[in-house]
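In this note's numbering, the protein residues as written are 405 to 1607.
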């Protein structure tokens, strides 16, 4: 019995082992596959099939080859346990089993028999190993007509990528492993030959493949819905003879399997007397599929083959014919239909060794298919070379497009085009809805889906919003489109619009409330339900970008709001990015001034997720090499610290591209300048969160930097403070939130629920400047609300723990934090009250209600969360069972169904009238829903205090004088730091506050804090092997940059060509804390340097350095540490990594600290190199020798006892 989840989990572990093994083979020049990879990479690069670096491309090939081994092995095991290879022999004489099989069979253990067969094989072939045995098993399948394409010797990596004998043995042992009762851990016996488990492997086995190919299975209920509306009417219209369908993004074959079953049923009905095998083959003749992912196609072929066997009445591959289905491996977007004449023809000659698209000539010829269906990938193309080629082939590719765009065009290209003698083919797909509102979708909608493109006409028949339905695995909001390749024949399009999402995660997704209501009513001319609206929408509405698929009266409400005569775009100077560095990892970081002594080039900075509730947290720093007018500073005016920090990323920064496609270097731009930086303009800005669940706009009065996730609105130079405050108020209303969500792209839930949003207010939206420009403005001035809320937000900021401690770190201030908490909460409740009044004032300002429903009294200062009118109404609905919202739980508020008796009578009256209007007025009922009302989801005082106190403690540990003595920079153990600070009462008070009690044990407390803020001094201790390899590539780049600089100042030679080094990922670091401190470009942002494996005599606390040291100070401190360690009797194993650290820092000291220091009569560079030379001589090692040092493997479990 197959346990899919257990198999997947265990195979993931095997995948890591096989990948590690193949990585060694790929880097071994003696291995043939290594040379093949290099050759393939060179050809792929030249042909424009990739723009990745060698290491990034190679890692992808390694992952694909490793998966191929595991998938092929799984095929064999499935066949063995289900007797699908009964009668076949390996090596000309050896019957099954070859790998394993159930242990409790009537004929005994099949594992034991497999081992016997293998032993006999090695007796006959003593020079062979376990890899050869695996390939004998694969050959059994490959030599059968029905099995050849499943492990195709011409294309499958298992024949070229040689895993080591040890890895092959490990794989055998894995599949033969048994439990305590002697039963196989993974038994593949299945009487129904169900291969669905292979779909799970396809989707989740390889993290690399999942990200690269956007792997996602299509649920059966979605596949059936689409096939009902495409394949079935196409069969009815065109007939079965010569019928052709295709999924050009077939993945593991879900649509193909569904289509095969339906086609076979139709053939059985139409020709019941026809031979069973012939009916199966005729059904297969109609099925076509293509996918870029080799192992996806292998799985699809296997699943179709097994289905064909079952349908033919066969029980074995032996004797079965070569089923003639047409499934190809290759890039659908670069097939015949994508070349547009000779545009790409010269490049298309190249194909990867795994691809066999050339074996299926004509499979992607346009206009031949009666039905085209699929679930295309939703991601944006990461490989720029490929992205550029797709852009050339598909005119709808616009801006930073998602792959859903060219695939939309491809699907319709492949379908039969209507002409005088032939009807149009049917097209159906579930795809990401991002094109509907994001700017990259404008051309797709207005030039293609509108039906205006005569060369590739589109007649949309159904547009169904599925973003509210629970579709397993689909975290990206989706839409289903069905249409035909012809000029539109109707003035309207059947539309399913969403009202609300699933109230709870359904046990059976196919029976979810949203999906069930959609399916039950999609054929209706008009339907208004609890979850969806069905209507015939005028076609011209779908010819304009953006699309809105909100039901339940949302369209009418938006139209009412849009009646305001003025739009925001007419009132502003511009809306857009403050600037775009196009390399935030290099330019943005925490605490840069404290670490590096950078002053003039640094500005306080924020990002979108820190823009909330009228306030922006400027907790980051940005390197900003510009003056106050946004003019670039010359290189001579940059500080040494900035020059040195950015020089290390120079090749990467120069590789950024300008809009012409040239690199910065080719375009003559300075490597340290930003990608885009508009004119400075007025000092004031209104910034906003680009991605958020709700609208957040904040007024800034100048001098700050905002990254791309926090765009800005700039009013004309003559605009006043009052103008800004009025706009601030309007944009922060619930009315504005509603309007923005109608025109903005929903990114779905980011709560980790994988596509299921329990409530609509959890859904994230992308708020762009283009959409904001069209926002209608009321005539009524709401400046008073804006001023009040802005003042309160600044008071709230001033009352937060970090601000309090920054103003005064005396012991008395630490003790006042409890009192400050009460004041802070009072301000927050006043903000909640003022925002509620603003929302209701806005309803009048936009003409949505008659009269004034704001509170004019003075008897109420604030509202607690849970006390707003919409929350009272929501609590009542929850209590009655009409709703199941998690609003109160998620926001830590108490639901109330009655009005508080502490409220003044006049305020109670206002709220009663508000509640009545929410219940009676459909527009107000819509606006007063949680998805449009401010959440006030602060981090909470306790979290703010913990972070502030932690930072205050760490700041005290970073005092420069602690890290220097009379001899210069000095390392400290945590115990030494505690001793030096034993009289610092403020530090003790802060630690006691942090741990929640007196008599704090200082050393352990500091150890816990420092552990998250310290990064090892040596690459081999920071990174895993994959990270060390990347670091070595960076070191090579730095060497070439130094050579380049030498030539620039007149040195002999030719400038080297420098490849862009690879970026780092979290998986490259030993600890997550190291990754957080360094990021993709390995920019040091930690507070401390840690020296593992070194301790002081008599105590075992961690030894540290200060990350604020320059390279000379790091080198000198490390040299002192070597001397101290040796004096304390350190072993060879302790000293060698320290010398490796010196060798690592030596080039930087030589580059930037070679001037003679008069106080010492030598330069730091000479001192460090001289010291290192002496130590290397003493230990009899070289620089390369110490650099090759790696930490010993970590041993787990108890030591083995000798017998």
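Glycine is no exception: its CB is placed at the ideal position from the N, C-alpha and C atoms.
Exercise for review: Under 7 angstroms Cβ to Cβ from residue 710, same chain only, skipping five residues before and after it: list those, please.
Suggested key: 597, 599
Point to revise | Ordered list of beta strand (DSSP E) runs contained in the region 621-674, each at least 3 residues | key: 649-651
Check your understanding: For residue 1377, which residues from the same chain have a beta carbon less than 8 angstroms from its beta carbon, with the 5 sequence-adjacent residues on both sides left out?
Key -> 1499, 1500, 1503, 1505, 1506, 1507, 1508
Practice item. Kindly indicate which residue of 416, 712, 908 has the alpha-carbon position closest to the one of residue 551. Key: 712
Point to revise | Residues near residue 853 in its chain [Cβ-Cβ closer than 7 angstroms; skip 5 each side] | key: 862, 864, 946
Practice item. Take every Cβ of the region 1537-1552, pair it with every Cβ of the region 1576-1589, and state whether three or more of those distances are shorter than 8 angstroms. Key: yes
Point to revise | Cβ neighbours of residue 405 in the same chain (closer than 8 angstroms, five flanking residues each side left out) | key: 591, 593, 594
Point to revise | Contact check, residue 1099 vs residue 1185, beta carbons under 7 angstroms | key: no
**Study point:** Per-residue burial, residue 1122 [other beta carbons within 10 Å of its own, 16 or more giving buried]
**Key:** exposed
Exercise for review: Tell me, please, whether the region 1369-1385 touches the region 1260-1273 by the rule of three or more beta-carbon pairs shorter than 8 angstroms.
Suggested key: no
Exercise for review: Output the distance between the C-alpha atoms of residue 1421 and residue 420, rounded to the nearest integer angstrom.
Suggested key: 28 angstroms
**Study point:** Nearest-angstrom beta carbon gap, residue 541 and residue 503 [assumed within contact, 8 angstroms]
**Key:** Correct: roughly 6 angstroms between the Cβ atoms.
**Study point:** Span of the beta strand (DSSP E), counted from its first residue to its last, around residue 863
**Key:** Unbroken beta strand (DSSP E) run through residue 863: 863-869.
**Study point:** Buried versus exposed, by CB contacts within 10 Å (16 or more), residue 1227
**Key:** exposed
Check your understanding: Hey, would you say residue 1303 sits closer than 7 angstroms to residue 1312, going by beta carbons?
Key -> yes
Check your understanding: Nearest to residue 766 by CA position, among 1050, 985, 1142, 692, is which residue?
Key -> When C-alpha distances from residue 766 are compared across 1050, 985, 1142, 692, the shortest belongs to 692.
Point to revise | Alpha-carbon to alpha-carbon, residue 634 and residue 1345 | key: 56 angstroms
Check your understanding: To the nearest angstrom, how far is it from the Cα of residue 1273 to the Cα of residue 1319?
Key -> 6 angstroms
Point to revise | Close-in-space but distant-in-sequence residues of the same chain around residue 991 (CB under 7 angstroms, 5 per side omitted) | key: 985, 1026, 1027
Review point. How far does the beta strand (DSSP E) with residue 1455 in it reach, from first residue to last?
Key: Here residue 1455 belongs to no beta strand (DSSP E), and DSSP marks it neither H nor E.
Exercise for review: Count the other CB atoms, across all protein chains shown, that sit within 10 Å of the CB of residue 446; report buried if there are 16 or more and exposed otherwise.
Suggested key: Residue environment: residue 446 is assigned as exposed (fewer than 16 neighbouring CB atoms within 10 Å of its CB, all protein chains considered).
Check your understanding: Considering residue 536, what are the terminal residues of the alpha helix (DSSP H) in which it resides?
Key -> Its alpha helix (DSSP H) spans residues 534-546.
**Study point:** Own chain partners of residue 1557 with C-beta closer than 6 angstroms, once the 5 adjacent residues on each side are dropped
**Key:** 1516, 1568, 1569
Point to revise | Alpha-carbon to alpha-carbon, residue 652 and residue 815 | key: Using only the alpha carbons, I get a separation of about 8 angstroms.
Check your understanding: Based on the DSSP output, what are the partners of residue 499 in its beta bridges?
Key -> 493
Review point. Helix or strand or just coil, what does DSSP make of residue 484?
Key: helix
Practice item. Kindly list the residues whose CB is nearer than 8 angstroms to the CB of residue 1169, restricted to its own chain and excluding five residues on each side of it in sequence; keep chain order. Key: 1095, 1096, 1097, 1144, 1145, 1148, 1149, 1150, 1151
Exercise for review: Rounded to whole angstroms, what's the CA-CA distance from residue 1285 to residue 1278? Just pull it up for me.
Suggested key: 10 angstroms
Exercise for review: Please report how far the alpha carbon of residue 846 lies from the alpha carbon of residue 1336, in whole angstroms.
Suggested key: 26 angstroms
Exercise for review: Can you tell me which of the three DSSP states residue 1414 falls into?
Suggested key: helix
Check your understanding: So what's residue 835 in DSSP terms, helix, strand or just coil?
Key -> In the structure shown, the three-state DSSP call for residue 835 is strand.
Exercise for review: Express the C-alpha separation of residue 1049 and residue 745 in angstroms, rounding to a whole number.
Suggested key: Unreliable placement is indicated for residue 745, whose pLDDT of 34 sits below 50; the coordinate value is still reported in the next sentence. Cα to Cα, the separation comes out at about 48 angstroms.
Point to revise | Separation of residue 481 from residue 1070, as counted between CA atoms | key: One C-alpha to the other measures close to 55 angstroms.
Review point. Taking the DSSP output, what are the residues bridged to residue 730?
Key: By DSSP's assignment, residue 730 forms a beta bridge with 692.
**Study point:** Entirely enclosed beta strand (DSSP E) segments - the region 766-832, minimum 3 residues
**Key:** 775-778
Point to revise | Residue from 628, 1338, 705 with nearest C-alpha to residue 545 | key: Closest by alpha carbon: 705.
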